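Comments concern the structure below.
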Amino acid sequence: MISAQELSFLVQGPIVPETKKTIQSIKEFYPESSIILSTWDGMDTSSLLAIEKDITVVYTEDNFENYLMTKLEYAGKKFDKKGNNLHRQLATIKKGLNFVKTKYCVKLRTDFEVTSDALLQNISKYKKFNLNNDYKYLTERVLITGSDKNFPFFFFDFVYAGLTSDLRKIFCIDIPGREYFNYFENHIPKNISTYLGNPSFYQWIPEQYIVIASLLQNGVKIRKDIERLDWTYVDPELIGISNLVLASNFCILQFEKIGIMPRKDSLKWLLKKNESHAKFEDWMSVYTLL
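With our numbering applied, the sequence shown closes on residue 384, and no number is skipped along the way.
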């Protein structure tokens, strides 16, 4: 068990109506923990004036291109091009981590709510479990809330909780540029039918990019051809490697065990049973194979 003074909360993302409650909930359950709010230029923080003096607010220069919704035509069909905010996410997390001075850190979104102090007991609980040294790159396991079993390295990024040094290994990675965001302008998807079911321009789902890039930049060998693959490519070997990475470096705990919950109604699906989403029991079944 750790103390609240050893823990900082890095609240990352845009300022939304839920953000004030997010910060207030942290103060309620972790009054001795530091809070860093990391966002980007242009965000209106006027709603936080009453509590801003008690937190560190970090702004990142928003000089990134917008890779959001535009029209896409592929294989004779027209779609809305699905973009993502990965560049802003990584930039604000990296800058926010520079202000974390504690041994442990929790990265969470600006629209989530802390509901208990369960992290004090659970954040370092699983660090002594067995692991696969070929795919280990973190010092202790980092807690996450789930993963998508259908895609390799798709570890949910809503909450990351662990050693600050480990979070730096995960998030202090290269920020992708145009080639990533517009990958399918010049490349054919590895699986056309999968792609047409959910067309996008970016090479990897953002959650996948974070894990794959952090593995590569920390010297972990995945597959020689990994940089030529894309999110549509799924095979048993890659899923197997993903499971070993998951079991050796992370631990899945449900939201109530971590004590952090989504506030938006549009995110309440995370609390419902979904056979495609890995839970603690799924993590244990992989762990036992190490």
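Note that the Cβ used here is the ideal one computed from N, Cα and C, for glycine as well. Just so it is clear, the structure is predicted and the values come from calculations on it, not from any experiment.
Given a cut-off of 8 Å on the beta-carbon distance, is the pair residue 254 and residue 235 in contact?
Working through the sequence shown from its first residue, we reach residue 254 at position 160. Working through the sequence shown from its first residue, we reach residue 235 at position 141. For residue 254 and residue 235, no; Cβs fall outside 8 Å.
Of all the options 140, 141, 135 and 188, which has the alpha carbon lying nearest to the alpha carbon of residue 157?
Within the sequence shown, the letter at position 63 stands for residue 157. With distances taken between Cα atoms, residue 157 lies closest to 135.
Contact check, residue 308 vs residue 264 under 8 Å by CB: the rounded distance?
Here residue 308 is taken as the residue at index 214 of the sequence shown, counted from 1. Here residue 264 is taken as the residue at index 170 of the sequence shown, counted from 1. That pair is a contact at about 5 Å.
In the DSSP assignment, find the beta strand (DSSP E) that holds residue 356 and state where it starts and stops.
Position 262 of the sequence shown, counted from the start, is the residue given in the question as residue 356. Boundaries of the beta strand (DSSP E) harbouring residue 356: 354 to 356, taken from the DSSP string.
Only counting the same chain, and skipping five residues up and downstream in sequence, which positions put a Cβ closer than 8 Å to that of residue 121?
Start at 1 with the first residue of the sequence shown, and residue 121 comes out as number 27. Once the five neighbours on either side are set aside, the close Cβ partners of residue 121 are 129, 145 and 148.
State the Cα-Cα distance for the pair residue 165 and residue 295, rounded to the nearest angstrom.
Start at 1 with the first residue of the sequence shown, and residue 165 comes out as number 71. Start at 1 with the first residue of the sequence shown, and residue 295 comes out as number 201. Here the model assigns residue 165 a pLDDT of 48, short of 50, so the residue's position is not dependable and the matter cannot be decided.
What did DSSP end up calling residue 371 once you bin it into helix, strand or coil?
Here residue 371 refers to the residue found at position 277 of the sequence shown. Residue 371 falls in the strand class under three-state DSSP.
In this structure, does DSSP put residue 165 in helix, strand or coil?
For the purposes of this step, residue 165 is taken as the residue at position 71 of the sequence shown. Caution applies to residue 165, whose pLDDT of 48 falls short of 50 and renders its modelled position unreliable; the value that the coordinates give is listed next. Assigned with DSSP and collapsed to three states, residue 165 falls in strand.
Mind checking who residue 351 pairs with in its DSSP beta bridge?
One-based indexing of the sequence shown puts residue 351 at position 257. Residue pairing from DSSP leaves residue 351 without any beta-bridge partner.
Ignore the nearest five residues each way along the sequence and tell me which others in residue 196's own chain have a CB closer than 7 Å to its CB.
Here residue 196 corresponds to residue number 102 of the sequence shown, with the count starting at 1. Closer than 7 Å at Cβ, skipping near neighbours: 100, 101, 102, 128 and 258.
Buried or exposed (CB count within 10 angstroms, at least 16 for buried), residue 181
Position 87 of the sequence shown, counted from the start, is the residue given in the question as residue 181. Classification of residue 181: buried, given that the 10 Å Cβ count is 16 or more.
Can you grab the Cα-Cα spacing for the pair residue 143 / residue 117, in whole Å?
Position 49 of the sequence shown, counted from the start, is the residue given in the question as residue 143. Position 23 of the sequence shown, counted from the start, is the residue given in the question as residue 117. One C-alpha to the other measures close to 12 Å.
Can you tell me the Cβ-Cβ gap for residue 312 and residue 231, rounded? I've got them flagged as a contact below 8 Å.
Residue 312 sits at position 218 when you count from the first residue of the sequence shown. Residue 231 sits at position 137 when you count from the first residue of the sequence shown. With a Cβ gap of about 4 Å, residue 312 and residue 231 count as contacting.
Any heavy atom of the ligand SAH closer than 7 Å to the CB of residue 325?
Of ligands this structure carries none, so the ligand SAH is not represented either.
If you follow the beta strand (DSSP E) that residue 257 is in, where does it begin and where does it stop?
Along the sequence shown, one-based indexing puts residue 257 at 163. For residue 257, the enclosing beta strand (DSSP E) stretches over residues 253 to 257.
Burial state of residue 372, where buried means 16 or more other Cβ atoms lie within 10 Å:
Numbered from 1 along the sequence shown, position 278 holds the residue referred to as residue 372. Buried.
Alpha carbon to alpha carbon, how far is residue 362 from residue 114?
Within the sequence shown, numbered from 1, the residue matching residue 362 stands at position 268. Within the sequence shown, numbered from 1, the residue matching residue 114 stands at position 20. Residue 362 and residue 114: Cα-Cα distance of roughly 19 Å.
Reference residue 93, options 140, 228, 199 and 179, closest by Cα
The question about residue 93 has no answer, for the chain in this structure spans 95 to 384.
Looking only at its chain, what residues have a beta carbon closer than 7 Å to the beta carbon of residue 203, apart from the 5 residues adjacent to it on each side?
Residue mapping note: residue 203 aligns to position 109 of the sequence shown, counting from 1. Counting only residues of its own chain and dropping the five nearest sequence neighbours on each side, residue 203 has a CB closer than 7 Å to the CB of 106, 107 and 252.
Return yes when the Cβ of residue 210 is within less than 8 Å of the Cβ of residue 344, no when it is not.
Counting from one through the sequence shown, the residue named residue 344 turns up at place 250. Counting from one through the sequence shown, the residue named residue 210 turns up at place 116. Residue 344 places its beta carbon 8 Å or farther from that of residue 210.
Return the CA-CA distance between residue 382 and residue 340, expressed in angstroms with no decimal places.
Within the sequence shown, numbered from 1, the residue matching residue 382 stands at position 288. Within the sequence shown, numbered from 1, the residue matching residue 340 stands at position 246. Rounded to whole angstroms, the separation of the alpha carbons of residue 340 and residue 382 is 12 Å.
By the 10 Å Cβ neighbour count, where 16 or more other Cβ atoms means buried, how is residue 125 classified, buried or exposed?
On the sequence shown, position 31 is the one that residue 125 refers to. Taking all protein chains in view, the Cβ of residue 125 is surrounded by fewer than 16 other Cβ atoms within 10 Å, so the residue is classified as exposed.
What residues match up with residue 134 in a beta bridge as DSSP calls it?
Taking the sequence shown and counting its residues from 1, one reaches residue 134 at position 40. BP columns for residue 134 point to 154.
Can you name the residues that DSSP bridges to residue 242?
Residue mapping note: residue 242 aligns to position 148 of the sequence shown, counting from 1. 371.
For the beta strand (DSSP E) containing residue 201, list its first residue and its last residue.
Counting from 1 along the sequence shown, the entry for residue 201 is found at position 107. Start and end: 198 to 203.
Drop a sphere of 10 angstroms on the beta-carbon of residue 357, count the other beta-carbons inside from all chains shown, and report buried for 16 or more, exposed for fewer.
Indexing the sequence shown from 1 puts residue 357 at position 263. Residue environment: residue 357 is assigned as buried (16 or more neighbouring CB atoms within 10 Å of its CB, all protein chains considered).
Residue of 249, 112, 186 and 304 minimising C-alpha distance to residue 347:
To locate residue 347, count along the sequence shown from 1; it is residue 253. Looking only at 249, 112, 186 and 304, the smallest Cα-Cα distance to residue 347 is reached by 249.
How would you write the range of the beta strand (DSSP E) that residue 346 sits in, first residue to last?
The residue given as residue 346 occupies position 252 in the sequence shown. Where residue 346 is concerned, the enclosing beta strand (DSSP E) stretches over 344 to 346.
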